[in-house]
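J.: Residue numbers (the numbering used here): -7 to 514.
Every residue, glycine too, gets a C-beta built ideally from N, C-alpha and C.
To start, I am sharing the structure in question, which I have written as structure tokens.
Here it is in structure tokens:
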């Protein structure tokens, strides 16, 4: 008589829902074995189907992540560009236009410098997005429905504060994503969006300018309302982002650990739930409940000393090169480019673009913004990042760009001899310096965009190799680093605005002394 096999006790939960053994089935062991084989095949086929579903879901989540952060970057910077483009219409002819630039950048700089130092604890991204939306909308409406200078400057300051807080918030948000791949996708998309904002903002105001300040800016006020819409409905949830990080493990061989308490690999179909990005659909109460307790939340924070220790190595490595690039390019844009005016060409492609001396400056601005957009999109276009050791290179090249354009504006070093003052320009032909200046400004845009996106890419990688048992505090350190470095670009713009105003006057006077008066006649 055959010996009946003794059933083994299950070692853990049976996730494949295998049929439990019953006494009346022991007499037919062959049936049990066949059923077990069928169940095993069905379970693994189910895993294969889930793997395909996860793969499709992760691709969709990645596209949504890219689209969401590109929209965030576009919305955050587009009002800044619209306000600068509308400067001539916002203040009287007797008021210096530089005052608009000053109020449009100083509150943003103040926010990006002070906020990371004074804020403590876990960042509430939902609340931050809500604050950015409200302040930006109130600012643009204040500008639109005011007739005097003081309230318009107040509105400009509010929009600037919102822009600074928005850049701080969304850059910090990229560090909370579960993998390096998702963080790189979000940062690349954000950089592309901020680059495209320059082109979009100038184009929007070009279309709306004919409606006047009240109607044109009133219509622009709907743009901040897309912040919460994108945040709630387009940004992927934490479950979808978690599945993106686990897709590459599906279907691959994973060695079993020798630890006796290792759980079978089959239970890791879904990774442990994490919530790197709070969603608007999650209530504030649910956000609070996800933390252990009020006491724990206040205990985990960065002290002022810890923040200063984190800040010190960032200054020379990231902040000085990024600030230098922004000083140089905004001195070019605001101080040198307005004086890059030439006799109108009469042949070739330039004759079709330049019909008036006033056409030069908008064209230089458009060229610059286009190449900033392209270079800020380098990560999104799968170009490799600049190595950390070469990060100062864009600032060095940008200095050479500034120097060459300065020499052209002051001494006409690239001009055709017949177009060089004090010679009277010929009535027919094209000055070769137009083409040279165009190519140099293309390089300017490339350097500015590459410095921005690569700086924040490397800052986001800081601290990855450090062993920190406290994951929450490590996350706060990453958020602080990228937020603190964000102040460098605004600092550069502020310094550039102080330099460019007297520089423009000096270059224009130099041209007038040499007999070239077009910069004065604009």
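State the start and end residues of the unbroken alpha helix (DSSP H) segment that holds residue 190.
T.: 172 to 200
J.: Can you grab the Cα-Cα spacing for the pair residue 378 / residue 404, in whole Å?
T.: 34 Å
J.: Any chance the region 470 to 490 sits against the region 409 to 427, with 3 or more Cβ pairs inside 8 Å?
T.: no
J.: Where residue 450 and residue 140 are concerned, what is the direct C-alpha to C-alpha distance, given to the nearest angstrom?
T.: 45 Å
J.: Give me the residue from 68, 426, 358 with the minimum Cα distance to residue 217.
T.: 68
J.: Rounded to the nearest angstrom, what separates residue 238 and residue 118 at their Cα positions?
T.: Legend: pLDDT at residue 238 = 47, less than 50; position of this residue unreliable, value from coordinates given subsequently. Their backbone Cα atoms lie some 26 Å apart in a straight line.
J.: How far does the alpha helix (DSSP H) with residue 421 in it reach, from first residue to last?
T.: Taken as a continuous stretch (DSSP letters only), residue 421 belongs to no alpha helix (DSSP H), as it is neither H nor E.
J.: Can you give the Cα-Cα distance for residue 132 and residue 390, rounded to whole angstroms?
T.: 33 Å
J.: Would you identify the three-state DSSP class for residue 63, choosing helix, strand or coil?
T.: In this structure, DSSP gives residue 63 a helical state, which the three-state scheme calls helix.
J.: Taking Cβ to Cβ, would you say residue 189 is nearer than 7 Å to residue 371?
T.: No.
J.: Would you decide whether residue 129 is buried or exposed? Buried here means 16 or more other CB atoms lie within 10 Å of its CB.
T.: buried
J.: Thinking C-alpha only, which one of 309, 445, 328 is nearest residue 375?
T.: 445
J.: Over the uninterrupted alpha helix (DSSP H) stretch that includes residue 162, give me the two end residues.
T.: 141 to 166
J.: Assuming residue 187 contacts residue 484 under a Cβ cut-off of 8 Å, what Cβ separation, rounded to an integer in Å, is found between them?
T.: So it is not a contact: roughly 17 Å between Cβ atoms.
J.: Mind the definition here: the region 165 to 182 touches the region 137 to 151 only if three or more C-beta pairs lie below 8 Å; say whether that holds.
T.: no
J.: DSSP three-state call for residue 347: helix, strand or coil?
T.: coil
J.: Do residue 302 and residue 472 have their CB atoms nearer than 7 Å?
T.: yes
J.: Taking the alpha carbon of residue 179 as the reference point, which residue from 421, 368, 468 has its own alpha carbon closest?
T.: 368
J.: If you draw a straight line from the alpha carbon of residue 345 to that of residue 316, how long is it in whole angstroms?
T.: 32 Å
J.: Closest by CA to residue 464, which one among 112, 512, 400?
T.: Residue 464 has its Cα closest to that of 112, out of 112, 512, 400.
J.: How many Å lie between residue 160 and residue 506 at the Cα?
T.: Each residue's alpha carbon lies about 47 Å from the other.
J.: Applying the criterion that 16 or more other CB atoms from any shown protein chain within 10 Å of the CB defines a buried residue, is residue 193 buried or exposed?
T.: Its Cβ being crowded by 16 or more others within 10 Å, residue 193 is buried.
J.: Sorted by chain position, which residues of the same chain lie with C-beta nearer than 7 Å to residue 494's C-beta, five sequence neighbours on each side aside?
T.: none
J.: So, does the region 46 to 64 touch the region 103 to 110, judging by three or more C-beta pairs under 8 Å?
T.: no
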